[in-house]
Each structure stands twice: as structure tokens, then as C-alpha cells.
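Participant: Once you've had a glance at the structure underneath, I'll fire off some questions.
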Amino acid sequence: MNINKTALMLMLFCLFFGGLYAQTKKPVSHTGTTSSVARGKIVYANICLACHMADGGGVQNMNPPLIQTTYVLGDKTALIKIVLNGFKEDVEINGQTYSNNMTPHSDLKDQQIADVLTYVRKSFGNKASTVTMAEVKKVRAANVTK
Numbered sequence: 083m084n085i086n087k088t089a090l091m092l093m094l095f096c097l098f099f100g101g102l103y104a105q106t107k108k109p110v111s112h113t114g115t116t117s118s119v120a121r122g123k124i125v126y127a128n129i130c131l132a133c134h135m136a137d138g139g140g141v142q143n144m145n146p147p148l149i150q151t152t153y154v155l156g157d158k159t160a161l162i163k164i165v166l167n168g169f170k171e172d173v174e175i176n177g178q179t180y181s182n183n184m185t186p187h188s189d190l191k192d193q194q195i196a197d198v199l200t201y202v203r204k205s206f207g208n209k210a211s212t213v214t215m216a217e218v219k220k221v222r223a224a225n226v227t228k
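Now the structure itself:
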């Protein structure tokens with residue numbers, strides 16, 4: 083009887099502390115990306131949504147869509163430069179020209195730019211890689227020296 087009580091107590095002890103450990107352990111996969119996307123969604127809502135709309139569809143002939151476009155899904159350095167320096171050129175997407183200037187957002191912190199670009203590259207049906215703070219920092223440093 084004592085052995086059963088001891089075994090039961092040991093099993094309860096393991097279950098209790100094992101459960102506590104499992105609750106505090108962070109998931110290994112996509113934790114950084116998930117939190118970056120969540121933070122980026124906030125930046126997008128505060129800064130980008132007015133021009134690029136909630137669905138990323140933009141405004142016809144004015145603000146380009148962020149859905150499945152080469153400038154969003156392509157070269158991350160070019161995309162970072164657009165956020166830092168703004169964009170003053172007409173851009174043609176799927177036969178439609180968009181001509182509204184985008185103001186620079188160099189006032190955003192590197193992490194904010196990385197987060198919002200990660201959000202855009204992983205939202206609206208887009209499936210592109212994340213943008214890191216280190217990548218933004220590198221582009222910003224190269225941008226200042228020019």
C-alpha cells in the first residue's frame with residue numbers, strides 16, 4: 083500500500099511540475115515570425131492602412147496594392163528603401179498605373195520597419211520571407227552614407 087501511495091504521489095508530482103514547465107516553455111517554431119507579424123499589423127493599421135487599405139488592395143490609380151506584387155514579394159532591400167526614402171515614381175501593376183507619392187517613414191525604428199514589412203510579406207495572400215531588424219539596420223546605414 084505504501085508503494086502505491088508513493089508511486090501515486092510521484093506521478094502527481096511529475097504531472098503537476100511537468101504541466102507548469104510546458105506552460106512556460108516557448109514554442110520553438112515561428113515564435114519570432116508570429117510576434118513580428120502581430121507587431122507589424124499594428125504598425126500597418128496606424129501608418130499604412132489609410133493608403134493601402136485594410137485588405138492591402140490600395141486605391142485605384144493612386145496607391146498601389148500590396149497583394150502579390152513583385153516589389154512586395156521580391157528584393158527586401160528595395161522594399162526597405164521604399165519605406166525609408168518614400169516613393170515618388172509612377173508604378174505599373176497588372177496594367178494599371180499608380181501615381182500617388184509615398185512619404186518616407188525613416189522615423190520608424192528598425193524593428194517597426196522589419197515588423198510591418200514582415201506583416202505585408204506574409205499577409206494579403208503573400209507568402210514571402212521575413213524582414214529582420216538587422217536587414218533594416220544594414221540598409222539604413224548604407225542609405226545614410228550615400
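Heads up: the sequence shown runs through residues 83 to 228, numbered per my numbering. Just so it is clear, CB atoms sit at the ideal spot from N, CA and C, and this is done for glycine as well. Values in this document were obtained by computation on a predicted structure and should not be read as measured data.
Are the CB atoms of Ala147 and Gly138 nearer to each other than 8 Å?
Facilitator: Here residue 147 is taken as the residue at index 65 of the sequence shown, counted from 1. Here residue 138 is taken as the residue at index 56 of the sequence shown, counted from 1. Looking at the sequence itself, residue 147 is Pro, so the reference to Ala does not match. A contact, by the Cβ cut-off of 8 Å.
Participant: Would the beta-carbon of Val218 be found less than 7 Å away from any heavy atom of the ligand NAP?
Facilitator: As for the ligand NAP, it is missing from this structure, which has no ligand bound.
Participant: Verify whether the separation of the beta carbon atoms of Asn143 and His134 is less than 8 Å.
Facilitator: Indexing the sequence shown from 1 puts residue 143 at position 61. Indexing the sequence shown from 1 puts residue 134 at position 52. Going by C-beta atoms, Asn143 is not nearer than 8 Å to His134.
Participant: Are the beta-carbon atoms of Thr115 and Thr200 separated by less than 8 Å?
Facilitator: Walking along the sequence shown from the start, residue 115 turns up at place 33. Walking along the sequence shown from the start, residue 200 turns up at place 118. In this structure, Thr200 lies closer than 8 Å to Thr115 by Cβ.
Participant: Whose C-beta lies closer than 7 Å to the C-beta of Phe206 among residues of the same chain, with five residues either side of it excluded?
Facilitator: In the sequence shown, the residue the question calls residue 206 occupies position 124. Closer than 7 Å at the Cβ level, and outside the excluded window around Phe206, lie Asp137, Gly138, Leu148, Ile149.
Participant: Under 8 Å Cβ to Cβ from Val221, same chain only, skipping five residues before and after it: list those, please.
Facilitator: Here residue 221 corresponds to residue number 139 of the sequence shown, with the count starting at 1. Closer than 8 Å at Cβ, skipping near neighbours: Thr159, Ile162, Lys163, Leu166.
Participant: What residue range is occupied by the uninterrupted alpha helix (DSSP H) comprising Tyr201?
Facilitator: For the purposes of this step, residue 201 is taken as the residue at position 119 of the sequence shown. Start and end: 192–204.
Participant: Taking just the CA atoms, how far does Val154 sit from Val173?
Facilitator: Position 91 of the sequence shown holds residue 173. Position 72 of the sequence shown holds residue 154. One C-alpha to the other measures close to 13 Å.
Participant: How far does the beta strand (DSSP E) with Tyr126 in it reach, from first residue to last?
Facilitator: If you number the sequence shown from 1, residue 126 lands on position 44. Looking at the DSSP string, Tyr126 is not in any beta strand (DSSP E), and its letter there is neither H nor E.
Participant: Please go through the same chain and pick out, in chain order, the residues whose beta-carbon is closer than 6 Å to the beta-carbon of Tyr126, but skip the five residues on each side of it.
Facilitator: As a working mapping, residue 126 is identified with position 44 in the sequence shown. Here the set comprises Val198, Tyr201.
Participant: For Asp189, is the classification buried or exposed, using 16 other Cβ atoms within 10 angstroms of its Cβ as the cut-off for buried?
Facilitator: To locate residue 189, count along the sequence shown from 1; it is residue 107. With fewer than 16 Cβ atoms within 10 Å of its Cβ, Asp189 is classed as exposed.
Participant: Let's see if you can read the secondary structure: which residues bound the alpha helix (DSSP H) around Thr212?
Facilitator: Position 130 of the sequence shown holds residue 212. Per DSSP, Thr212 belongs to no alpha helix (DSSP H) and is neither H nor E.
Participant: Can you name the residues that DSSP bridges to Ile175?
Facilitator: Here the question's residue 175 lines up with position 93 in the sequence shown. Paired residues: Gln178.
Participant: Per DSSP, what kind of secondary structure is Asn183 in: helix, strand or coil?
Facilitator: To locate residue 183, count along the sequence shown from 1; it is residue 101. In the structure shown, Asn183 sits in coil (DSSP, three-state: anything other than H, G, I, E or B).
Participant: Output the boundary residues of the alpha helix (DSSP H) element that contains Ile162.
Facilitator: Reading the sequence shown from its first residue, position 80 is the one you call residue 162. Looking at the DSSP string, the run of the alpha helix (DSSP H) that includes Ile162 is 158–167.
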